[in-house]
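Before any comments, here is the structure.
2 protein chains.
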Amino acid sequence: MTIAPPTIGVIEEAALRIAGLAVRTPLLECPAADAACGGKVLIKAEMLQRTGSFKFRGAYNCISHLTSDQRKNGVVAFSSGNHAQGVAAVANMFGIPATIVMPKDAPSIKIDATRGYGPNVVLYDRFTESREDIATTLVEKQGLTLIPPFDHPLIIAGQGTVGLEIAEDMAAWGEIPDQILVPCGGGGLISGIATAVISKFPDCAIHAVEPEGFDDTGRSLVSGSRESVDRDARSICDALLVPTPGELTFPINQRLLAGEVSVSDDQARHAMAFSFRHLKLVAEPGGAVALAAVLGGLVNCESKTTIVVMSGGNVDPAMFADVISQPL
Amino acid sequence: MTIAPPTIGVIEEAALRIAGLAVRTPLLECPAADAACGGKVLIKAEMLQRTGSFKFRGAYNCISHLTSDQRKNGVVAFSSGNHAQGVAAVANMFGIPATIVMPKDAPSIKIDATRGYGPNVVLYDRFTESREDIATTLVEKQGLTLIPPFDHPLIIAGQGTVGLEIAEDMAAWGEIPDQILVPCGGGGLISGIATAVISKFPDCAIHAVEPEGFDDTGRSLVSGSRESVDRDARSICDALLVPTPGELTFPINQRLLAGEVSVSDDQARHAMAFSFRHLKLVAEPGGAVALAAVLGGLVNCESKTTIVVMSGGNVDPAMFADVISQPL
Chain U
11 MTIAPPTIGV IEEAALRIAG LAVRTPLLEC PAADAACGGK VLIKAEMLQR
61 TGSFKFRGAY NCISHLTSDQ RKNGVVAFSS GNHAQGVAAV ANMFGIPATI
111 VMPKDAPSIK IDATRGYGPN VVLYDRFTES REDIATTLVE KQGLTLIPPF
161 DHPLIIAGQG TVGLEIAEDM AAWGEIPDQI LVPCGGGGLI SGIATAVISK
211 FPDCAIHAVE PEGFDDTGRS LVSGSRESVD RDARSICDAL LVPTPGELTF
261 PINQRLLAGE VSVSDDQARH AMAFSFRHLK LVAEPGGAVA LAAVLGGLVN
311 CESKTTIVVM SGGNVDPAMF ADVISQPL
Chain G
11 MTIAPPTIGV IEEAALRIAG LAVRTPLLEC PAADAACGGK VLIKAEMLQR
61 TGSFKFRGAY NCISHLTSDQ RKNGVVAFSS GNHAQGVAAV ANMFGIPATI
111 VMPKDAPSIK IDATRGYGPN VVLYDRFTES REDIATTLVE KQGLTLIPPF
161 DHPLIIAGQG TVGLEIAEDM AAWGEIPDQI LVPCGGGGLI SGIATAVISK
211 FPDCAIHAVE PEGFDDTGRS LVSGSRESVD RDARSICDAL LVPTPGELTF
261 PINQRLLAGE VSVSDDQARH AMAFSFRHLK LVAEPGGAVA LAAVLGGLVN
311 CESKTTIVVM SGGNVDPAMF ADVISQPL
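Chains as they are written, first to last, in the working numbering: chain U, 11 to 338; chain G, 11 to 338.
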């Protein structure tokens, strides 16, 4: 059975569901970034979202569609941290039992924040334990409903509300976005944004930005089929370490994206430090990759209006302290 | 001669002057602060302003009124850093020569950022040199125009645009602000905000927040005349270390403010760490005092709509790293 990708109507319906609960994040001017790239840069600041990343949107949209039986049995999510917080926060709002399965080596700020919403947190070792075995037990034996991190139409539609807000703001200001750069892991955020924005601004170029070594979407766009990352790949961008594009997200991205660029860990760190110094926004490494692509000149922004999606700000204080202490 | 305080009309005129040049900063929802105080908190995020603080607004409004002769001779400003950056940035936009006099012990991020706009930066020793002597030479002998940090109707009117934006946003959302907390040094920002907001929402209570030991406005409101701080007072809130309320700002504040509270350095540091962890905004110590007052329970926010003005984010990386590394 083929699952249909979400339409703009489904995204608009998601926007109604999250209204007043999710933060309508601002699209921020930033003269320092304009000066750095010779064009106009607008930042969609999703670190200002409830739970510190865009993930609240999709989690809320998905969980709000569950039946009362599903709610009674509870939900389960696997996540290194941002989706974990989104699902835990929403389950808490609805009074639904939640089990969150997180790798032991996830940033401790993410584990602590997730625990703050009161779910059952199960830590596992990514290198010796099977996430699939844990999933089977929880979903099949305990009857929990899995809230997937990206490959679900309601998750994509929820994340797509980011694009809807961008399109609404640009229309209200009488401006046209030339291009939008979006951090890309499993592709849920960018496929939702692309669906929403292209329905309103068909000529806008949507670019995926991935960490070097985790350019599975980029390579898949070139080859035409879903490629996987090397098992030995490493990156500080913990939010974007997905091994292969989603079954549902990839065809959408294949149809709608203009291209992909990859940034190094150093470029991500530089963008985090730039964001601290000039934008006064706290970005986590994965949340800063689109800004890194602009600052690194990987996408031409000269004389264009470029929207940079900064997707999250859940970074451990020790890492942030280290990043901002380096000279720019 | 008595100088008249700025009217709402003068503030509205300032808003037209800065439109498209200053960032129209967002009024941000923040569920984490709501949960902490049991009411609704909205953050006016002036660290997102051009130059990293609200000071750009007043500097632009004041300098844009100079005559062509005054512009040719140039401007001078004294500041520990935020007003310095505001004046240097505006002078640079107009192509006006600028001399900025800063204390040697100002945060280096502020000295570096000011230098980035290209003015002549003069450093002086606050403990052995007379700022007044330096001023006399520059203003009287070299013919420079002094751009004062707060005690000028056009400066107050420029800062008052912060209040105008708050009032516009609340009106657009159909909400009524119960109270606004504003960091207070010389009183330029809060006198401007109070003038603008009270003209639109006459029942809104405006509270000044000062660092402990620098509660000159608070004590002056009680005594009815302009009190001074103790010469031995120290605080990490470098942006707010003004010895006595302004001649022009104090009568406005005396007429319009509901009261004052003071926060300790530890409370300011706690608010900076909270802002990093939950709001994902970079605040400098002086910029965080109003949030500190809310988190410290110094003003009752229960079941109220409270607007917290965060006035700047120009903090040295080393200090920020230290603050966020402490447990909350």
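The beta carbon of each residue, even a glycine, is placed where N, CA and C say it ideally should be.
Under a CB-based cut-off of 8 Å, is residue i close to chain U?
i        : result
PRO295/G : no
SER335/G : yes
MET57/G  : yes
PHE137/G : no
Listing by chain order, which chain U residues have their CB less than 7 Å from the CB of residue i?
i       : result
GLY62/G : LYS290
Of the residues the options, which one's Cα is nearest the Cα of residue i?
i        : options                                   : result
ASN263/G : GLY184/G, LEU52/G, PRO129/G and SER235/G  : SER235/G
SER74/U  : GLY223/U, ALA167/U and ILE334/U           : ALA167/U
THR77/G  : ARG141/G, ASN130/G, PRO159/G and ILE106/G : ILE106/G
LEU267/U : ALA249/U, GLY228/U, ARG27/U and SER233/U  : GLY228/U
ALA302/G : GLU220/G, ARG136/G and ASP143/G           : GLU220/G
ILE176/U : ILE18/U, PRO36/U, ASN324/U and GLY195/U   : PRO36/U
VAL192/U : GLU185/U, ILE203/U and THR138/U           : ILE203/U
ALA43/U  : PRO187/U, LEU305/U, PHE330/U and CYS72/U  : LEU305/U
ASN71/G  : VAL51/G, GLU139/G and VAL172/G            : VAL172/G
GLU322/G : ALA331/G, LYS314/G, ASP188/G and SER285/G : Looking at the sequence provided, one finds Gly at residue 322/G rather than Glu. Answer by Cα proximity: SER285/G.
ILE53/U  : PRO337/U, ASP326/U, GLN336/U and MET320/U : MET320/U
HIS217/U : VAL309/U, ALA87/U and CYS47/U             : VAL309/U
PRO159/U : PRO212/U, PRO255/U, GLU23/U and GLY184/U  : PRO255/U
GLY128/U : ILE110/U, SER140/U, ILE18/U and ILE208/U  : ILE110/U
ASN2/G   : LEU258/G, LEU289/G, ALA94/G and GLY196/G  : Since the first residue of chain G shown is 11 and the last is 338, residue 2/G is not available in this structure.
TRP183/G : GLY30/U, GLY269/U and ALA69/U             : GLY30/U
HIS162/G : PHE104/G, CYS194/G and THR259/G           : THR259/G
GLY62/G  : VAL299/G, THR315/G, LEU291/G and ASP332/G : LEU291/G
ALA300/G : GLY48/G, ILE21/G, ALA55/G and PRO41/G     : ALA55/G
ALA249/U : ILE190/U, GLU178/U and LEU199/U           : LEU199/U
THR316/U : THR138/U, ALA101/U, MET180/U and ALA99/U  : MET180/U
CYS40/U  : VAL100/U, GLY48/U and PRO261/U            : GLY48/U
ALA46/G  : PRO327/G, LYS314/G, PHE330/G and SER335/G : LYS314/G
Can you name the residues that DSSP bridges to residue i?
i        : result
LEU148/U : LEU148/U is not bridged to any residue.
THR155/U : VAL85/U
MET329/G : None, per the DSSP bridge assignment.
GLY307/G : Its beta-bridge partners do not exist; DSSP assigns none.
GLU139/G : The partner list for GLU139/G (beta bridge, DSSP) is empty, contrary to what the question assumes.
THR316/G : VAL51/G and GLN189/G
LEU26/U  : Paired residues: none, contrary to the question.
ALA218/G : VAL192/G and GLU270/G
GLU56/U  : Partner(s): none; GLU56/U has no beta bridge.
GLU39/G  : LEU52/G
GLY322/U : SER63/U
Would a check of beta-carbon distances place residue i closer than 8 Å to chain G?
i        : result
GLY256/U : no
PRO327/U : yes
GLY91/U  : no
ALA331/U : yes
Listing by chain order, which chain U residues have their CB less than 9 Å from the CB of residue i?
i       : result
VAL33/G : LEU38, GLU39, CYS40 and PRO41
Who are the neighbours of residue i on chain U, taking C-beta pairs under 8 Å?
i        : result
GLY323/G : LYS290
Taking Cβ-Cβ distances shorter than 8 Å, what residues in chain G pair up with residue i?
i        : result
PHE286/U : VAL292, PRO327 and PHE330
Looking at residue i and the ligand ATP, is the gap between the Cβ and the nearest heavy atom below 7 Å?
i        : result
PHE260/G : Absent from the structure shown: the ligand ATP. Ligands present: none.
Item to complete: Kindly provide the ranges of any alpha helix (DSSP H) runs that are 4 or more residues long and lie completely inside the segment 67 to 134 of chain U, ordered along the chain.
Response: Those alpha helix (DSSP H) runs which fall completely within the segment 67 to 134 of chain U and span 4+ residues are 78 to 83, 92 to 104 and 118 to 126.
Worksheet item: For the segment 248 to 298 of chain U, which segments carrying the beta strand (DSSP E) assignment without a break, of at least 3 residues, lie completely within its bounds, in sequence order?
Response: The qualifying runs are 269 to 273.
Worksheet item: For the segment 173 to 216 of chain G, which segments carrying the alpha helix (DSSP H) assignment without a break, of at least 4 residues, lie completely within its bounds, in sequence order?
Response: As far as the segment 173 to 216 of chain G is concerned, its whole alpha helix (DSSP H) runs of at least 4 residues are 198 to 210.
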